[in-house]
Each structure stands twice: as structure tokens, then as C-alpha cells.
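Student:
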Amino acid sequence: MTDHTIYLDNAATTAVAKEVVQEMLPYFETCWGNPSSLYELGQRAHAALSDARERIAAHLGARAQDIYFTSCGTESNNWAIKETMFAYRDKGRHFITSSTEHHATAHSALWLEKHGYEVSYLEVDSDGLIDPEAFRRALRPDTTLASLIYGNNEIGTIQPIKELAAIAHEAGVLFHTDAVQVVGHLPVDVEELGVDFLSASGHKFNAPKGVGFLYIRRGIKTKSFLDGGAQERKRRAGTENVPYIMGMARALDLSIQQLAQRREHAVALRDHLIQRVLDEVPHSRLNGHPTLRLPGNVNISFEFVEGESLLLMLEQKGVLASSGSACASGSLDPSHVLLAIGLPHEIAHGSLRMTIGHETTREDIDYTVEAIKEVVAQLRAMSPLYEDYLLGRKAVSAIKS
Amino acid sequence: MAYSEKVMEHFSNPRNMGEIEDASGVGTVGNAQCGDIMRVYLDIDEDGIVRDVKFKTFGCAAAVATSSMATELVKGKSINDALKVTNKAVCEALDGLPPVKVHCSLLAEEAIHAALWDYAEKNGIAIEGLEKPKSDIHEGEEEEDY
Ligand SMILES: Cc1ncc(COP(=O)(O)O)c(C=O)c1O
Ligand code: FES
Numbered sequence: 365m366t367d368h369t370i371y372l373d374n375a376a377t378t379a380v381a382k383e384v385v386q387e388m389l390p391y392f393e394t395c396w397g398n399p400s401s402l403y404e405l406g407q408r409a410h411a412a413l414s415d416a417r418e419r420i421a422a423h424l425g426a427r428a429q430d431i432y433f434t435s436c437g438t439e440s441n442n443w444a445i446k447e448t449m450f451a452y453r454d455k456g457r458h459f460i461t462s463s464t465e466h467h468a469t470a471h472s473a474l475w476l477e478k479h480g481y482e483v484s485y486l487e488v489d490s491d492g493l494i495d496p497e498a499f500r501r502a503l504r505p506d507t508t509l510a511s512l513i514y515g516n517n518e519i520g521t522i523q524p525i526k527e528l529a530a531i532a533h534e535a536g537v538l539f540h541t542d543a544v545q546v547v548g549h550l551p552v553d554v555e556e557l558g559v560d561f562l563s564a565s566g567h568k569f570n571a572p573k574g575v576g577f578l579y580i581r582r583g584i585k586t587k588s589f590l591d592g593g594a595q596e597r598k599r600r601a602g603t604e605n606v607p608y609i610m611g612m613a614r615a616l617d618l619s620i621q622q623l624a625q626r627r628e629h630a631v632a633l634r635d636h637l638i639q640r641v642l643d644e645v646p647h648s649r650l651n652g653h654p655t656l657r658l659p660g661n662v663n664i665s666f667e668f669v670e671g672e673s674l675l676l677m678l679e680q681k682g683v684l685a686s687s688g689s690a691c692a693s694g695s696l697d698p699s700h701v702l703l704a705i706g707l708p709h710e711i712a713h714g715s716l717r718m719t720i721g722h723e724t725t726r727e728d729i730d731y732t733v734e735a736i737k738e739v740v741a742q743l744r745a746m747s748p749l750y751e752d753y754l755l756g757r758k759a760v761s762a763i764k765s
Numbered sequence: 019m020a021y022s023e024k025v026m027e028h029f030s031n032p033r034n035m036g037e038i039e040d041a042s043g044v045g046t047v048g049n050a051q052c053g054d055i056m057r058v059y060l061d062i063d064e065d066g067i068v069r070d071v072k073f074k075t076f077g078c079a080a081a082v083a084t085s086s087m088a089t090e091l092v093k094g095k096s097i098n099d100a101l102k103v104t105n106k107a108v109c110e111a112l113d114g115l116p117p118v119k120v121h122c123s124l125l126a127e128e129a130i131h132a133a134l135w136d137y138a139e140k141n142g143i144a145i146e147g148l149e150k151p152k153s154d155i156h157e158g159e160e161e162e163d164y
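Sequence order for the protein chains is A and B. Residue numbers for the first sequence, in our numbering: 365 to 765. Residue numbers for the second sequence, in our numbering: 19 to 164.
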């Protein structure tokens, strides 16, 4: 074990910023009233909430009324997808999404299929990009909604959301994007993008876990599955999590203020890390698009090496990363995203996702490269697949294809 | 999902990792679900004692740790006793495995059986109680020249 930890898993979650903690404290300690209460203690909380909503909306070029607070990115996706398909079921029961979505979308799509809706899954190319023409062809008269991820949480590929939303609208189809990995990291303007729904989650930009929001364009009839009180313009019941929402507003203020520098910093470190690993570790390949890519995302596969062992050995050297999506660990199947871009099982298994944050330094990256070189060499020395490769034997495979 | 200290210790310092040249028996097995692969080399003397054993594994930490522990358990044993090293025994020796990882320990048992089978075939003998390994996968063949 080492005493120095290098956190390269910022796509899984980020540290809560100190300013964010400070911002939240008064809403636990003094201003803790229920925003629906009519006395002053409640009304102060209500005013704070309105202020947070306006600030967040302003950062996204949205109207404050169109921002709905939720408990997380997963809830935002579930609401946008399942409840909108339900609300417009008489218009049509066809839903379109892609093969590289986060589970919050992919499993909502499965739910729809189980409940009498039809789902089309768009394929992606080897960089993870959706073909807009294929999207156009998938649209049908009974298509109600399409949901496509903006920045991929695993491989970092950024989809041409503006173009895709325009194609949906030409066909009179509603468009949702999961922007959980994008908000706070790249400029987002809902008018410019032309989306009808956009999901975000606080903990991806230095707010706490368990708070997020959904942007819903005015005029769209959709209501959360949470029935109850009149909160969130009667669309999503439940007493608001005022401290966390205040923290999220502050976190987004900070992210937007520093967006340009942080983005430049992350892109420089990202490209440095990619370059060094590809140059210095044989049989490695980059997953995801080389340039249309989230600023902090690096995803590399190492042939002949298995991901879990790789992660644990890196952890012993103080480097915290992930193999595919954090939610998928504990499952045996390789990431559906890596399979969707065409990687064979064995190679998908040996993939490493490292996501850079604004606190990551160049020294951290250089240390990480050295750690990867050592660990990959150690695991290859242990690998029967590598032995076969060196001896020029045909590769053995346990997977029947 | 957390691994026991024993598992982490064997994962970090695997015993018997490597190859044996001209081994008496070699077995390679894989798990079709997770894609992990394990190869075991046995060096068996005239008295039927496992003198040496080595392994190579492409797999998760549990697969590495069970390879390490299973090879420790068969080393120095007679063929019959080596056959009795089950995945359960390996798991217990490692203070248990998380439920999703139990299949990894099966791989170690199967790899040893596959290596014993290979030894029996090479020597034209039958080992009582040893069945033809189910999941043995083809030894890589020499790549054809062209
Ligand atoms: C792209 C994407 N969508 C949705 C989510 C779910 O967000 P949350 O963890 O807030 O439920 C995540 C985070 O894991 C994500 O990366
Ligand atoms: S997950 Fe396959 S051997 Fe452990």
C-alpha cells in the first residue's frame, strides 16, 4: 500500500467541494424549514430554493420553471423516459435509444419493453458514435420519444446531440438526452441544443450524491411517478432536499465559473495519459472517440489482461480507477458499451477507465503511467493468453461465439 | 463485494505462478460466462507424487488467489489426494469467497483435473475417479505458416 492516493474515478463520483459544504450548512442548522410551510422559517427555505433554481436554469439557458429537482440522475432518466412514454401512449408506443446508454436508460428501456412498448436500439460505430442517418431511418409514425446519451460515462464519446435532436423534431418526436457526464464540464445550452429533456446529477460536478435535476421544455406533459404533494409545480411530489439542492446550485456556479480552465487542464492531462500509455504499453488500444470525447475520460484496453486484477493491483499502488461502469462491477458480463463498439469479450474484460478531475496533476498522471506499465507486465507474466501469444499459438478462448 | 485478507494476500503474492517445461500434464480450462482462463502444469514423479505445480491465470483476483491456493494444496500430494482437492476446500482455505466469485474457484479444481487427465492420457493410464474434464479447451495449436 502507498500513502498517496491518486483518484482517477471522477466519472463515478467527485469529491464535494468545500464551498459546497459551506453553502449547505445553514440549511441544516438554521434555515431548515419546509419550503411548503407558510411561516417565515419555511418561506426562507422556499426563497432559497427559487434562487437555486434560477441560478441552475441560467447556467443552462433555461427558464427556472423548466428545471425540476430530483433525487439523482437515475431518477431524471426514469422520469423522462418511462413517464413520458406513458403520458403520450396514445400518440405512439415506440421508443428509440442506443446500445451504449447508462443502465438508468437501458434498464428503463427494458421496463418499457416489458410493459407493452416497443424499443429500437441504435448501433454505434467503433468510436461509439451514432449515425444520424440511422437515427432518421429508425423514426416511425408511432415513435414518441428518443433518448440518447450526450457524453458516454464509459468511453467518453460525445454524440452530436444538436443534430440528433433536430432530426427527432423534424419527425415530431420528443428528444431526451442524458447529460449527466456533461453538465458542469462542457457548456450546455438547452435552447442551442434544442432538446426537450435533459438529465443531470449533482455528484458528477462536486455536489453531494443523491440530488439531480431534469430539464423539461415548457408545454410537455409529463409527471413524475412520485404522486403526493404539490411540490415541483405538481409534477414531482416529495419535500425538497433543500440543503443538497443549494449545494448543487453552488457546485454548478463554481463549475461554470472555472469551466474553461478546468476543461483545458483535463484535456491536456487526458491526451498526455492516452499518448503515454499507447506509446509505452504494447497491445493497448484507446476506446471511444479520440477527439469527440469528454475532457477527463480515458478508456484503454490491455490485451491478455483481466480488468479486476488490473484495478486491484493499481489500487495497491494508490491509483483508483474503474473497469467499465462502476455500477457494473460485481457483474460478470463485460461492459455492454465496450461490446457495442465491437470489442471481443477478452479485450473488453481488460479495460481500464481513468477519469481525470480538476485536482489531478501531471505528476499524478506520470506516476499512473509507471504503475500501469508495471502492473500490466506483471499480469501478462501470469497470463496464459500472453504465453500463447508469445509462442505463436492460436489464442484459446472460453467464450463460444 | 469484499475479498478476505487471505484472498488479497494470495492475489498480491501468488504462489507457484509460472510454467513447467516438459510438464507431465498440462490442463487449460475456461469459464464461458466470464471468459476467464486458467492453465495448470504438473510435474509428477514415478511414484505418482506431484513434485511441482505451476499455474497461469487470466482472470479476476479470486481466480488468481484460488489458483495460488489450489496449487499449494496439491503440491507434494499423491495423485489420489490431489484429486480430492475440491473447490470447496480451496474456498475454505481462503476464508471464503463472495457468492458471485465462487465459480472462479471451480476453475482451479477443473484445471488441476484437466492437467491430471492430460498426464493420464500421455502415460496411457486411467486414474480412478477422474472424469474427462468438461470445460477443457483446446490447447493453442501452432499458428500455421503461410
Ligand atoms: C451517464 C450517466 N447517467 C446516469 C447516471 C446516474 O446518475 P446517479 O448516480 O445520480 O443516479 C450516471 C452516473 O452513474 C451516468 O454516468
Ligand atoms: S470472474 Fe471469472 S474467474 Fe473470477
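We put the beta carbon where it would ideally sit given N, CA and C, even for glycine. Quick caveat, the model's predicted, so the values are computed rather than measured.
(1) Who are the near neighbours of A/A529 in its chain, counting only those whose CB is closer than 7 Å to its CB and skipping five residues on each side?
(2) Runs of 4 residues minimum, wholly inside the segment 518-578 of chain A: which ones carry the alpha helix (DSSP H) assignment?
(3) The alpha helix (DSSP H) spanning B/N105 covers which residue range?
(4) Is the separation between the beta-carbon of B/D65 and that of B/A41 shorter than 8 Å?
(5) Give a yes or no on whether 8 Å exceeds the smallest Cβ distance from B/E23 to chain A.
(6) Roughly how many angstroms separate the alpha carbons of A/D415 and A/I609, rounded to a whole number?
(7) Pick out every residue whose C-beta is nearer than 6 Å to a heavy atom of ligand 2: which are they, in chain order?
(8) DSSP on B/D70, reduced to helix/strand/coil?
(9) Which residue's Cα is closest to the Cα of A/G492: A/N517, A/H653, A/A571?
(10) So which residues of chain A does B/M35 contact, with C-beta pairs closer than 8 Å?
(11) Cβ closer than 7 Å: which chain B residues qualify as neighbours of A/S785?
(12) In terms of alpha-carbon separation, which member of B/A80, B/I97, B/A133, B/G147 lies closest to B/E110?
(13) Is there a C-beta anywhere in chain A that falls below 8 Å from the one on B/V92?
(14) Measure the alpha-carbon distance for A/Q545 versus A/T434 and round it to whole angstroms.
(15) What does the alpha-carbon distance come out to for the pair B/F76 and B/A144?
(16) Beta strand (DSSP E) containing A/E418: first to last residue?
(17) Using the three-state DSSP reduction, which class does B/S86 fall into: helix, strand or coil?
(18) Is there at least one Cβ from chain B nearer than 8 Å to A/H540's Cβ?
(19) Determine whether the beta carbon atoms of B/L124 and B/D54 lie at a separation below 8 Å.
(20) At a Cβ threshold of 8 Å, is B/G53 touching chain A?
(21) Assuming contact is defined by CB atoms lying nearer than 8 Å, are A/A685 and A/L676 in contact in what I supplied?
(22) Could you check how far apart the C-beta atoms of A/I513 and A/E465 are, in whole angstroms? I think they sit under 8 Å.
(23) Counting only the same chain and skipping the five closest in sequence on each side, list residues whose C-beta sits under 6 Å from that of A/H458.
(24) Can at least three beta-carbon pairs, one atom from the segment 615-625 of chain A and one from the segment 370-384 of chain A, be found at a separation below 8 Å?
(25) Residues of the segment 73-85 of chain B with a CB closer than 7 Å to any CB of chain A: list them in chain order, please.
(26) Thinking C-alpha only, which one of A/P399, A/F392, A/I420, A/G437 is nearest A/A376?
(27) Within a Cβ cutoff of 8 Å, which residues of the same chain sit near A/K446, ignoring the five residues on either side of it in sequence?
(28) Going by C-alpha distance, which of A/I431, A/Q680, A/S699 is nearest A/N663?
(29) Taking its Cβ as the centre, do 16 or more other Cβ atoms sit within 10 Å of B/P151, making it buried, or is it exposed?
(30) Should A/S673 be flagged as near chain B, meaning a C-beta pair shorter than 8 Å?
(31) Which word fits B/S85, buried or exposed, when buried means at least 16 other C-beta atoms lie within 10 angstroms of its C-beta?
(32) Does the distance from the C-beta atom of A/Q680 to that of B/S30 stay below 8 Å?
(33) Quick one: complete alpha helix (DSSP H) runs, 4+ long, within the segment 419-476 of chain A?
(34) Less than 8 Å between CB atoms is the rule here; does A/F315 satisfy it with respect to chain B?
(35) Run the proximity test for A/I513: is its beta-carbon closer than 7 Å to any non-hydrogen atom belonging to ligand 1?
(36) Buried or exposed, going by whether 16 or more other CB atoms sit within 10 Å of the CB of A/N441?
Tutor: For this structure:
(1) What you label residue 529 of chain A is simply residue 165 of the first sequence in a count that begins at 1. Around A/A529: F539, L557, G558, V559.
(2) 525-534, 554-557
(3) The count along the second sequence starts at 1 and reaches residue 105 of chain B at position 87. Where B/N105 is concerned, the enclosing alpha helix (DSSP H) stretches over 105-111.
(4) Here residue 65 of chain B is taken as the residue at index 47 of the second sequence, counted from 1. Here residue 41 of chain B is taken as the residue at index 23 of the second sequence, counted from 1. No. Outside cutoff.
(5) For this step, residue 23 of chain B is matched to residue 5 along the second sequence. Output row for B/E23: interface = no.
(6) As a working note, residue 415 of chain A is residue 51 in the first sequence. As a working note, residue 609 of chain A is residue 245 in the first sequence. One C-alpha to the other measures close to 10 Å.
(7) A/L696, B/N49, B/C52, B/D54, B/G77, B/C78, B/A80, B/A81, B/K119, B/C122, B/L125
(8) Translated into the one-based positions of the second sequence, residue 70 of chain B becomes position 52. In the structure shown, B/D70 falls within a strand segment according to DSSP collapsed to helix, strand and coil.
(9) Looking up residue 492 of chain A in the first sequence gives position 128. When each option's Cα is compared against that of A/G492, the closest is A/H653.
(10) The residue you call residue 35 of chain B lines up with position 17 of the second sequence. Neighbours of B/M35 on chain A, chain order: A745, M746.
(11) With chain A covering only 365 through 765, there is no way to say anything about residue 785 of chain A.
(12) Position 92 of the second sequence holds residue 110 of chain B. Ranking B/A80, B/I97, B/A133, B/G147 by Cα distance to B/E110 puts B/A80 first.
(13) What you label residue 92 of chain B is simply residue 74 of the second sequence in a count that begins at 1. It does not: the Cβ of B/V92 has no partner Cβ on chain A nearer than 8 Å.
(14) The residue given as residue 545 of chain A occupies position 181 in the first sequence. The residue given as residue 434 of chain A occupies position 70 in the first sequence. Rounded to the nearest angstrom, the two C-alpha atoms are 16 Å apart.
(15) Sequence index remark: in the second sequence, residue 76 of chain B carries index 58 (1-based). Sequence index remark: in the second sequence, residue 144 of chain B carries index 126 (1-based). Near 30 Å, if we compare the C-alpha coordinates of B/A144 and B/F76.
(16) Counting from one through the first sequence, the residue named residue 418 of chain A turns up at place 54. No beta strand (DSSP E) holds A/E418; the alpha helix (DSSP H) holding it covers 404-423.
(17) On the second sequence, position 68 is the one that residue 86 of chain B refers to. In the three-state reduction of the DSSP assignment, B/S86 falls in the helix class, which pools H, G and I.
(18) Taking the first sequence and counting its residues from 1, the one referred to as residue 540 of chain A is at position 176. Not an interface residue.
(19) Position 106 of the second sequence, counted from the first residue, corresponds to residue 124 of chain B. Position 36 of the second sequence, counted from the first residue, corresponds to residue 54 of chain B. No; because the gap between Cβ atoms is not below 8 Å, this pair is not in contact.
(20) Translated into the one-based positions of the second sequence, residue 53 of chain B becomes position 35. B/G53 counts as touching chain A.
(21) In the first sequence, residue 685 of chain A corresponds to position 321, counting from 1. In the first sequence, residue 676 of chain A corresponds to position 312, counting from 1. Between A/A685 and A/L676, the C-beta spacing is not below 8 Å.
(22) Counting from 1 along the first sequence, the entry for residue 513 of chain A is found at position 149. Counting from 1 along the first sequence, the entry for residue 465 of chain A is found at position 101. Confirmed, about 5 Å.
(23) Counting from one through the first sequence, the residue named residue 458 of chain A turns up at place 94. Cβ within range, chain order: E482, R504, D506, T507.
(24) yes
(25) K74, T75, F76, G77, C78, A79, V82
(26) By one-based count along the first sequence, residue 376 of chain A stands at place 12. Per the Cα distances, A/G437.
(27) Taking the first residue of the first sequence as position 1, residue 446 of chain A is located at position 82. Once the five neighbours on either side are set aside, the close Cβ partners of A/K446 are S472, W475, L476, F589.
(28) Translated into positions along the first sequence, residue 663 of chain A becomes position 299. Here the closest residue by C-alpha is A/S699.
(29) Against the second sequence, residue 151 of chain B aligns to sequence position 133. Buried, because 16 or more other Cβ atoms sit within 10 Å of the Cβ of B/P151.
(30) Walking along the first sequence from the start, residue 673 of chain A turns up at place 309. Yes, contact with chain B.
(31) Indexing the second sequence from 1 puts residue 85 of chain B at position 67. Label assigned to B/S85: buried.
(32) Residue mapping note: residue 680 of chain A aligns to position 316 of the first sequence, counting from 1. Residue mapping note: residue 30 of chain B aligns to position 12 of the second sequence, counting from 1. Contact check for A/Q680 against B/S30 passes: the beta carbons are separated by less than 8 Å.
(33) 437-442, 448-451
(34) This structure cannot speak to residue 315 of chain A, because chain A is shown only from 365 to 765.
(35) As a first step, residue 513 of chain A is located in the first sequence; it is residue number 149 there, counting from the start. For ligand 1, at least one heavy atom lies less than 7 Å from the Cβ of A/I513.
(36) Taking the first sequence and counting its residues from 1, one reaches residue 441 of chain A at position 77. Buried: at least 16 other Cβ atoms inside 10 Å.
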